[in-house]
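In numbering that gives the first Met the number 0, the protein residues as written are 0 to 793.
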Amino acid sequence: MLRIVWSIFRQNTYFIIGIVAGLGLSFLLIPLVETDCIGETSRRIRPRVHSFDPEEYEPRINLAGKPKIEVVKDNVLIRPKFYATELGVREKLFIAVLTTPETISNLGIALNKTAAHLTSKIMFFIDAPSAQKINVSSLKLPGIVGFTDTREILKPFHLIKYILDNFLEDYDFFFIIKDSAYINIKNLYNFVNKISISEDAHVGQPTPNDDNSFCSLDSGILISNSVVRKMKESLEWCVKNAKQDSANDNFGRCIIHSSELPCTNTIQGLNYKSQIIETRKDIDLLTISNPEENLFNESMIVYPVNVPDDFYKLHSYFAKQLIISNLAKIEELRHSIVNISYSTPKGRKGVTWPIGNQPPTIPATHFDILRWDYFTLTHVYLDNDFSNLKPLTGAEKQDIEYVLNASIAKIEEKYKGELKFRKFINGYRKFDPARGMDYVLDLAFRDTTVGKTFQKRIEVCKPLGKVELIPVPYVTENIRINILLPVRKQEISRILNFLKQYSINVMEKKDVTFLMFVFMYAPDDPSKGDEDVFKEIKDTSISLSKKFEKSNSFIKWVSVRIPSKDSDYNIIHENFLDFAIVDLAIKKFSPESLILYAHSNMEIKLDYFNRVRMNTIPQFQVFSAIPFTEFHPDIVYSDALPRPPELDINKNYGHYDSKNTKFISFFAKDYLDARDAINSVIPLIKSDRDILKFAPLTDTSLQENYTSYAINGIYSMFVRASELHVFRAVEPALRLRHSEEYCTSPSGKDLENPTIVDIHKSCIESRAFNLASRSQLARLILEFQAEHTPKEKA
Numbered sequence: 000m001l002r003i004v005w006s007i008f009r010q011n012t013y014f015i016i017g018i019v020a021g022l023g024l025s026f027l028l029i030p031l032v033e034t035d036c037i038g039e040t041s042r043r044i045r046p047r048v049h050s051f052d053p054e055e056y057e058p059r060i061n062l063a064g065k066p067k068i069e070v071v072k073d074n075v076l077i078r079p080k081f082y083a084t085e086l087g088v089r090e091k092l093f094i095a096v097l098t099t100p101e102t103i104s105n106l107g108i109a110l111n112k113t114a115a116h117l118t119s120k121i122m123f124f125i126d127a128p129s130a131q132k133i134n135v136s137s138l139k140l141p142g143i144v145g146f147t148d149t150r151e152i153l154k155p156f157h158l159i160k161y162i163l164d165n166f167l168e169d170y171d172f173f174f175i176i177k178d179s180a181y182i183n184i185k186n187l188y189n190f191v192n193k194i195s196i197s198e199d200a201h202v203g204q205p206t207p208n209d210d211n212s213f214c215s216l217d218s219g220i221l222i223s224n225s226v227v228r229k230m231k232e233s234l235e236w237c238v239k240n241a242k243q244d245s246a247n248d249n250f251g252r253c254i255i256h257s258s259e260l261p262c263t264n265t266i267q268g269l270n271y272k273s274q275i276i277e278t279r280k281d282i283d284l285l286t287i288s289n290p291e292e293n294l295f296n297e298s299m300i301v302y303p304v305n306v307p308d309d310f311y312k313l314h315s316y317f318a319k320q321l322i323i324s325n326l327a328k329i330e331e332l333r334h335s336i337v338n339i340s341y342s343t344p345k346g347r348k349g350v351t352w353p354i355g356n357q358p359p360t361i362p363a364t365h366f367d368i369l370r371w372d373y374f375t376l377t378h379v380y381l382d383n384d385f386s387n388l389k390p391l392t393g394a395e396k397q398d399i400e401y402v403l404n405a406s407i408a409k410i411e412e413k414y415k416g417e418l419k420f421r422k423f424i425n426g427y428r429k430f431d432p433a434r435g436m437d438y439v440l441d442l443a444f445r446d447t448t449v450g451k452t453f454q455k456r457i458e459v460c461k462p463l464g465k466v467e468l469i470p471v472p473y474v475t476e477n478i479r480i481n482i483l484l485p486v487r488k489q490e491i492s493r494i495l496n497f498l499k500q501y502s503i504n505v506m507e508k509k510d511v512t513f514l515m516f517v518f519m520y521a522p523d524d525p526s527k528g529d530e531d532v533f534k535e536i537k538d539t540s541i542s543l544s545k546k547f548e549k550s551n552s553f554i555k556w557v558s559v560r561i562p563s564k565d566s567d568y569n570i571i572h573e574n575f576l577d578f579a580i581v582d583l584a585i586k587k588f589s590p591e592s593l594i595l596y597a598h599s600n601m602e603i604k605l606d607y608f609n610r611v612r613m614n615t616i617p618q619f620q621v622f623s624a625i626p627f628t629e630f631h632p633d634i635v636y637s638d639a640l641p642r643p644p645e646l647d648i649n650k651n652y653g654h655y656d657s658k659n660t661k662f663i664s665f666f667a668k669d670y671l672d673a674r675d676a677i678n679s680v681i682p683l684i685k686s687d688r689d690i691l692k693f694a695p696l697t698d699t700s701l702q703e704n705y706t707s708y709a710i711n712g713i714y715s716m717f718v719r720a721s722e723l724h725v726f727r728a729v730e731p732a733l734r735l736r737h738s739e740e741y742c743t744s745p746s747g748k749d750l751e752n753p754t755i756v757d758i759h760k761s762c763i764e765s766r767a768f769n770l771a772s773r774s775q776l777a778r779l780i781l782e783f784q785a786e787h788t789p790k791e792k793a
């Protein structure tokens, strides 16, 4: 290695010596050069440096001639509540009705009843002083606006100003009319839906003036959104130049000044059709066939109409014509479907019956086959897995009678009276969720021409109607649930386990709930001190309330002492205890409180509480969940299959108990309103002693309701005595552990009381359905017979 380095150095000796000598001279000369430069520079700038003061220096920026750059701010995008708002999608038509104090209570109401249910928005405009005098709020019209200016000729301008301030961004067209005209709302909507919003519209029936440029308010004026926008800048001019001639001319003059668009009765190839009624007799002649009848049927406005009865007469006529037209279109469509079917692979056989209706559901497996139920005029057989025979009652009986009568009328009409109904033989029905209800009827008819009896098989279909969305009040999952839980002495161990679950699943997770126990003391149970039968529960509740005090999660209780059974207390009083419990406890809550009436055998799941919040709506709906109830553990579990700590939804472990109505949620005010409605049947309980007021019913006309209240309790009260919706649905999150039911057999005079007999029957049925499934009970019987049947000797 050293030899190689030495060889390279010898070959480049002069080059290396030159580099070293150059670097050495450079380092020696640099200090001398820097000293001379600094000295010369300091001599040149010394006078200026002497007068410089850094604190007096202020920099100046010259922006003249330089482009200014805008500072871009980060704008937060605020999204609207609905997609339609962001996309600029508007409703089609707003109807504004000009009315007077003399006509709003008769013509206004008649116009509203015949048009409001078919339009998206209709409002009535009147002067404010008159509105106060006649108390328009009692008329229950959809919207009434009062103007302080009472001048009639300026009312259309006030109306436009109101539209500009409130509805300009919501509607494509605005229709202004007086309340002395009938609106054929179907024809009007068909007309408006065919007009493009890209073109200005000023449509109506021209008034008979010099140039026919003004529309008449009597027959209605249709103006587009774009025209109303143009009127915004001209309203002041319109008011100043209003003349004391007529509102038609003033309003028309304003539109022409704003948009330079005169009135026309044609737009985009469509004709605005209205009909003048000279006398009331013309309305009575409408049903008579004449050459002009078709033209009248196409009218959108009929005016003037000065009697409310004429509104309803016209509405009945146009509704009849619409039904005739729709039936003709349906028949035409059916013929078209049949004609087209011959070109399809299945041919005529592929057409469903009724023609155009949804075909029957094709089952994927034999488990999906829909069952036909056999029925007579009095009973239905095997309508579900738990019933062999059930009497036809209520709406179910009315439905079958309606189908039977319609079938008989159809046959007698088809055969022109030659066949007369003799008797009902058989009936079958099937509900198809995709199609509707199908019926097959076997009926006997007598032929009057030959005197013989024939049997006819008739198929009837009642198709499902269109699904409707029902608007409901807005609710959230943030509302507090107040759980009301009755407790008896024999449930103490179960309640302690319930509290353990409640603290883990609810209190620790800070769910917005409040738990109130209702302790049911027997007449001889101690209720104070260490001897209190519910002392352990109370101590645990106090401990948990202190532990979770910061999260506002508390547990409270109220006490109720049941009257002595040595008195008149019987099974009826026992079944009405749900009413007594809520009556006494609800005083602790405000009217706006959401109350869930529950029982101790439930498993705590937050999903169920959230559905209670969403499905219980104040002054609209109560929620009664159908729970999944566990079968008797001694039957469904064994050493090989032990009872699980958490109930699993499985047909072998339990079933959805549709007979259980004990779990129900409602708002306190709704309960009190419904409770007042049945106070004459079931008196309101204000103290423990009032429980004995649940005396046997003396008015037999109320027996059915009384028995229903005794069996189904609070649920039945909301169904029978309240106008609220009662939402009943299966709830997978509501799971009940098996609870023993003790059914007291009636004896003596109780056997003569129909309510007590029905209560005992309902209790027996409920207990039987909650024992086990049919296959499990059958296996149990077979095992019992095998164990107790003596074996034959060989």
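Ideal Cβ positions, reconstructed from N, Cα and C, are used throughout, including at glycine. Computed from a prediction, not measured in an experiment: that's the story for all the values here.
In this structure, how does DSSP classify residue i when only helix, strand and coil are distinguished?
i	result
M299	coil
W236	helix
G145	strand
A408	helix
S41	Reliability fails at S41, whose pLDDT of 46 lies under 50, so the model's placement of it is uncertain and the value that follows must be treated cautiously. Looking at S41 - three-state DSSP - the assignment turns out to be helix.
F588	coil
T706	helix
Y652	coil
V621	strand
H49	In this prediction, H49 scores a pLDDT of 45, lower than 50, which makes its location untrustworthy; the coordinate-derived value is nonetheless stated afterwards. If DSSP states are grouped into helix, strand and coil, H49 belongs with the helices.
F430	strand
P290	Here the model assigns P290 a pLDDT of 44, short of 50, so the residue's position is not dependable, and the following value carries that caveat. The answer is coil: DSSP assigns P290 none of H, G, I, E or B.
V635	helix
S700	helix
P155	helix
D672	helix
E458	strand
I162	helix
Name the two residues that bound the continuous beta strand (DSSP E) containing residue i.
i	result
Y271	Element bounds for Y271: n/a, residue is neither H nor E.
A728	724 to 735
H201	201 to 203
Going by DSSP, what residue range makes up the alpha helix (DSSP H) through residue i?
i	result
R612	605 to 614
N338	307 to 340
S774	773 to 787
P753	753 to 768
Whose C-alpha, out of the options, is nearest the C-alpha of residue i?
i	options	result
F385	R778, F768, V756, V439	F768
G219	S298, Y170, Q784, G145	S298
L546	T263, A624, M506, I329	For the record, residue 546 in the displayed sequence is Lys; it is not Leu. Of the candidates T263, A624, M506, I329, the one whose C-alpha sits nearest the C-alpha of K546 is M506.
I794	S137, I561, I536	Only positions 0 to 793 of the chain appear in the structure, and residue 794 is not among them; the question remains open.
K160	M230, F423, I222	M230
L463	P353, I222, S738	P353
A443	S212, S129, I424	I424
N305	A327, I282, L326	I282
N270	C262, E277, I276	C262
Q357	G107, P432, D689, S592	P432
G747	N569, I16, Y501	N569
G426	E417, V459, G416, E411	V459
H598	K586, M515, D538	M515
Y520	L576, N504, A624	L576
I108	F310, I300, G87, T149	F310
K527	S540, I329, G435, S558	S558
Does the region 168 to 184 come close enough to the region 310 to 321 to have 3 or more Cβ pairs within less than 8 Å?
-> yes
With contact counted as at least three CB pairs below 8 Å, one residue from each stretch, are the region 567 to 587 and the region 479 to 491 in contact?
-> yes
Check whether the region 121 to 134 touches the region 191 to 209, taking contact to mean three or more Cβ pairs, one atom from each stretch, closer than 8 Å.
-> no
May I ask you to verify whether the region 660 to 674 touches the region 752 to 772, counting CB pairs closer than 8 Å and requiring at least 3?
-> no
Kindly provide the ranges of any alpha helix (DSSP H) runs that are 4 or more residues long and lie completely inside the region 479 to 507, ordered along the chain.
-> You should have 491 to 501.
At least three beta-carbon pairs within less than 8 Å, the region 129 to 144 to the region 98 to 110 = yes
Counting Cβ pairs closer than 8 Å, one from the region 601 to 615 and one from the region 684 to 691, do we hit at least three?
-> no
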